[in-house]
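Asker: Residue numbers for the sequence shown follow the numbering used here, so the first one is 93 and each next one is one higher. All C-beta atoms, glycine included, are put in the ideal place defined by N, C-alpha and C. A quick note: this is a predicted structure, and the numbers were derived from the prediction, not measured.
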Amino acid sequence: ERLRREEEERVRREEEERVAAEVAAVERMAKAMEDAVRKGDIPTLVKMLRVSPDGGDASDEQKEKAAIALRNLASMAARNHAYNWVAIREEGGIELLVEMAKGGAPRGKEWATRALRNLAGNEQNKKLIAQAGFYLGGF
Numbered sequence: 093e094r095l096r097r098e099e100e101e102r103v104r105r106e107e108e109e110r111v112a113a114e115v116a117a118v119e120r121m122a123k124a125m126e127d128a129v130r131k132g133d134i135p136t137l138v139k140m141l142r143v144s145p146d147g148g149d150a151s152d153e154q155k156e157k158a159a160i161a162l163r164n165l166a167s168m169a170a171r172n173h174a175y176n177w178v179a180i181r182e183e184g185g186i187e188l189l190v191e192m193a194k195g196g197a198p199r200g201k202e203w204a205t206r207a208l209r210n211l212a213g214n215e216q217n218k219k220l221i222a223q224a225g226f227y228l229g230g231f
């Protein structure tokens, strides 16, 4: 009986540690995302399409949030949209967004496509999107 209780306690502690580590990772991702969005940090946002702040693969949620931020930065309403179009392209964001739009999670596909539509306001970007095999319709 004592051994069983000790084993249950050990398993419970390990589970608590695992959950705490997952929560901490989500909090780090949220903080990094918030900082990057606030600063308009395009290199960090593009990187977040593929890598978590911990260095692992980006989660679908993280990719979606990064795509939303990049979409907003590429919007005609954004203060420096023309600069942002070029910066996102030069950081490799178009290729990552096309990859996400073609094969990501459903909400991620939607936001990646919206970001690509905004980025297509630049002719070089439009060509790169087409070369990557993604069709934007009437754009």
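Determine the direct distance from the alpha carbon of P145 to that of R163, and round the result to whole angstroms.
Answerer: Here residue 163 corresponds to residue number 71 of the sequence shown, with the count starting at 1. Here residue 145 corresponds to residue number 53 of the sequence shown, with the count starting at 1. About 21 Å.
Asker: I'd like to know whether the C-beta atoms of K201 and A193 end up nearer to each other than 8 Å.
Answerer: Within the sequence shown, the letter at position 109 stands for residue 201. Within the sequence shown, the letter at position 101 stands for residue 193. Yes; because the gap between Cβ atoms is below 8 Å, this pair is in contact.
Asker: In whole angstroms, give me the CA-to-CA distance for E108 and R102.
Answerer: In the sequence shown, counting from the first residue as 1, residue 108 sits at position 16. In the sequence shown, counting from the first residue as 1, residue 102 sits at position 10. Each residue's Cα considered, the two are about 10 Å apart.
Asker: Can you tell me whether A112 is buried or exposed? The criterion is at least 16 other CB atoms within 10 Å of its CB, across all chains shown.
Answerer: Start at 1 with the first residue of the sequence shown, and residue 112 comes out as number 20. Result: exposed.
Asker: Below 8 Å between beta carbons: does that hold for I134 and N176?
Answerer: For the purposes of this step, residue 134 is taken as residue 42 along the sequence shown, with counting starting at 1. For the purposes of this step, residue 176 is taken as residue 84 along the sequence shown, with counting starting at 1. Contact flag set, yes.
Asker: Taking the continuous alpha helix (DSSP H) assigned at A174, which residues delimit it?
Answerer: For the purposes of this step, residue 174 is identified with residue 82 of the sequence shown, where counting begins at 1. Here the alpha helix (DSSP H) through A174 covers H173 to E182.
Asker: Rounded to a whole number of angstroms, what is the C-alpha to C-alpha distance between E114 and A224?
Answerer: The residue labelled residue 114 in the question sits at position 22 within the sequence shown. The residue labelled residue 224 in the question sits at position 132 within the sequence shown. The straight-line gap from Cα to Cα measures roughly 35 Å.
Asker: Taking the beta carbon of V190 as the centre, do at least 16 other beta carbons fall within 10 Å, making it buried, or is it exposed?
Answerer: As a first step, residue 190 is located in the sequence shown; it is residue number 98 there, counting from the start. With 16 or more other Cβ atoms within 10 Å, it is buried.
Asker: Using the DSSP secondary-structure output, state which residues sit across from D149 in a beta bridge.
Answerer: Position 57 of the sequence shown, counting from 1, holds the residue named residue 149. BP columns for D149 point to V143.
Asker: Can you find the residues in the same chain that come closer than 6 Å, C-beta to C-beta, to R181, ignoring five residues on each side of it along the sequence?
Answerer: On the sequence shown, position 89 is the one that residue 181 refers to. Once the five neighbours on either side are set aside, the close Cβ partners of R181 are N217.
Asker: Classify V143: buried if its beta carbon has 16 or more other beta carbons within 10 angstroms, exposed otherwise.
Answerer: As a working mapping, residue 143 is identified with position 51 in the sequence shown. By the neighbour-count rule (16 or more Cβ atoms within 10 Å), V143 is not buried but exposed.
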